[in-house]
């Protein structure tokens, strides 16, 4: 006789008992065989797992690990919007004051701000109404910073809602930066177009004068006026040189390629040199004065750039002061030297004062020049660690100030 001996629901031993079957009939032998087959079949059920049970065992074993590996915040709410459970890892929780172990089931309105509650509730109510998943967006303060979230809400049976909330702050920031870059690029294109249009006029004006009066100089019929023509050519050549210098300096500073020399500069010597440069350029009836100043003051900066700023300010004063006086100088103010250029000229209209240091910020549209001199001056002063400002009024003159550090 054959006996099957199970151990812990597993077939471990087969025991054979020898019997004499010679006296058995055919029918009895067939019955014995059938019994043995049934026993073998029942043992195989104990040793071989049913295929239908495998997915359940897999979910039971790995389901929690899968949920905790998901980077999104997975929460369950009932249809009254009461919080039920946090399914995902506690690390995904971005709602301050909400715990994954919270058993009090607070309502959504009690755990998020009112403005964001309305957005989330509207999305959830849409899912309840339609029975289909819906995506919404909201923002929350988390750890002192504003975070933006994308929230996919799905129906979970007839009673619950599954919310899958993903932090999309990086994406939102990237989109904002892209939009800002696009606006900046469009503004840059607009400025370039305006710059080219402005330059074409400003450069053409002195060039026409230079070409025209050069022809008169070489014409033997104008010998008596050649000195005047040469003066006009010289003035327009200087103007053209200034235009190109402003353009090149502005481009170099915007590209970050303009180099500055950090040196100790005698302020009086720089001012005296600019006084000598401009005293013959003032209009008749205008007095240019370098005020009585301390001749032993020094600042730290680039001497050539300091003189460039003074030259721009004095050139403006000469240009816009048809009569009266221009005086300039400097004073010690704490650990900085404050320069000033004051004139009794036409002044700056109130609506242009705020924009006078911007590109093409002219006092009026009829003044010759690029409108870049003050922009360049502002950038130069700021690069040397100082600041520049203006006080003016239409018809009462203008005073420009700028500071430079002594150390």
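In our numbering, the protein residues as written are 1185 to 1591.
For each residue, glycine too, the CB sits at the ideal point set by N, CA and C.
DSSP, reduced to helix, strand and coil, places residue 1468 outside both helices and strands of the structure shown, so it counts as coil. Every alpha helix (DSSP H) of 4 residues or more that sits fully in the region 1243–1314 is shown, in chain order, as 1298–1314. Pairing residue 1496 with residue 1561 gives a Cβ-Cβ distance under 9 Å. Secondary structure at residue 1348: strand, using DSSP grouped into helix, strand and coil.
Residue 1342 carries a coil assignment under DSSP once its states are collapsed to helix, strand and coil. Around the beta-carbon of residue 1489, 16 or more other beta-carbon atoms lie within 10 Å, marking it buried.
A Cβ-Cβ separation of about 18 Å leaves residue 1524 out of contact with residue 1482 under the 8 Å criterion. Excluding the 5 residues flanking it on each side, residue 1263 has same chain C-beta neighbours closer than 6 Å at 1312, in chain order. In the displayed model, residue 1575 falls within a strand according to three-state DSSP. Secondary structure of residue 1479 (DSSP, three-state): coil. Excluding the 5 residues flanking it on each side, residue 1323 has same chain C-beta neighbours closer than 8 Å at 1300, 1330, 1331, 1332, 1333, in chain order.
The alpha-carbon separation between residue 1408 and residue 1398 amounts to approximately 14 Å. Beta-bridge analysis with DSSP links residue 1523 to 1514, 1586. With at least 16 other beta carbons inside 10 angstroms of its own, residue 1257 counts as buried. In the structure shown, the three-state DSSP call for residue 1320 is strand. When the beta-carbon positions are compared, residue 1420 and residue 1394 come within less than 9 Å of each other. Under DSSP, the beta-bridge partners assigned to residue 1448 are 1484. DSSP, read as helix, strand or coil, puts residue 1508 in strand. Closest option to residue 1271, judged by alpha-carbon separation, among 1248, 1508, 1295, 1590: 1248. Between the region 1507–1524 and the region 1460–1479 there are three or more inter-stretch CB-CB distances shorter than 8 Å, so the stretches are counted as touching. Here residue 1327 carries a coil assignment [DSSP, helix/strand/coil].
Scanning 1479, 1437, 1240 for the CA closest to the CA of residue 1455 turns up 1479.
For residue 1310 and residue 1345, the gap between their C-alpha atoms comes out near 11 Å. Following the DSSP letters along the chain, one finds residue 1407 in no alpha helix (DSSP H), marked with neither H nor E. Collapsing the DSSP output to three states places residue 1559 in a helix. The alpha-carbon of residue 1318 is positioned some 7 Å away from that of residue 1307. Going by DSSP, residue 1538 is part of no alpha helix (DSSP H) at all; its letter is neither H nor E.
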